[in-house]
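If you're matching them up, the sequences are chains A and B in order.
Just so we're aligned, residue 3 is where the first sequence starts under this note's numbering, counting upward by one.
Just so we're aligned, residue 220 is where the second sequence starts under this note's numbering, counting upward by one.
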Amino acid sequence: EAGVTQFPSHSVIEKGQTVTLRCDPISGHDNLYWYRRVMGKEIKFLLHFVKESKQDESGMPNNRFLAERTGGTYSTLKVQPAELEDSGVYFCASSQRSDGYTGELFFGEGSRLTVL
Amino acid sequence: GENVEQHPSTLSVQEGDSAVIKCTYSDSASNYFPWYKQELGKGPQLIIDIRSNVGEKKDQRIAVTLNKTAKHFSLHITETQPEDSAVYFCAASRPWGSNSGYALNFGKGTSLLVTP
């Protein structure tokens, strides 16, 4: 069974440009999460989808970030326009619903974003 | 929101020695405490987790302890091997159905190096 896949693995863009990251979760996983890690800091929560609905987007930094999950399958995270502080590794994770607990998250390998 | 503190940030041990990583959390409603291991170039992977109704859990060479009163939990790795070298993250989350999201909140990570 395929794991969580993310594309691109690395993106280098200039400040002000737009980047779209894509995540394909494990088939059948209703929960999809986006996280970001800036070097040396924690893996910070961005948002959580349950199927196609945004369950929690409290971690989204500002309105330059837009996440979608049309049809409840793959998800995209768009940054427009990108700023220097957006640089980091963006992780996507998926999980099945658990019995009252968050349960195991399956992470992709991440998309490294460098904004120059 | 939940704040997870993790120490130490780096840890170097000799092969065969034990390694201990400690985390504290702030939200007394948190009920799930997983540990993730991230190897170079890969996404984080769950290695062990513990729920709030349990004080200790062991899986071969790794164990996790939880002190709910003090709001801290620890990862113990015995008989360390070079392949244990990686970045380890602790995390905490609230129960599903909580009013305020239940995504995992991660610590900043511990870079563990096991030298032969």
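Each residue gets a CB set at the ideal place from its N, CA and C atoms; glycine is no exception.
Just so you know, these numbers come straight off a predicted model, no measurement behind them.
- Pairwise C-beta distances place the segment 229-248 of chain B in contact with the segment 284-301 of chain B, as three or more of them are shorter than 8 Å.
- Interface criterion not met: the Cβ of Y307 of chain B is under 7 Å from no Cβ in chain A.
- In this structure Y255 of chain B does not touch S312 of chain B by the C-beta definition: roughly 12 Å separates them, more than the 8 Å allowed.
- In the DSSP assignment, N286 of chain B falls within the unbroken beta strand (DSSP E) covering I281 to N286.
- The Cβ neighbour count for H12 of chain A, taken over all protein chains shown within 10 Å, is under 16; the residue is labelled exposed.
- The beta strand (DSSP E) runs lying completely inside the segment 40-101 of chain A and spanning 3 residues or more are 45-52, 55-58, 67-70, 77-81 and 90-97, given in chain order.
- In the DSSP assignment, R114 of chain A forms a beta bridge with A:H12 and A:V91.
- It is roughly 23 Å from the alpha-carbon of R39 of chain A to the alpha-carbon of Q98 of chain A.
- Neighbours of Y251 of chain B in chain A, taken as residues whose beta carbon is under 7 Å from its own, are Y103 and T104 in chain order.
- Sequence-ordered contacts of the segment 254-265 of chain B with chain A read Y255, Q257, G260, K261, G262, P263, Q264 and L265 [C-beta pairs closer than 9 Å].
- Excluding sequence positions up to five before and after V52 of chain A, its CB lies within less than 7 Å of the CB of D32 and N33, all in the same chain and listed in chain order.
- Excluding five sequence positions before and after T284 of chain B, the CB atoms of its chain that fall closer than 6 Å to its own CB belong to E275 and S293, given in chain order.
- By the criterion of at least three beta-carbon pairs nearer than 8 Å, the segment 220-231 of chain B is not in contact with the segment 78-96 of chain A.
- Closer than 7 Å to the CB of K43 of chain A there is at least one CB belonging to chain B.
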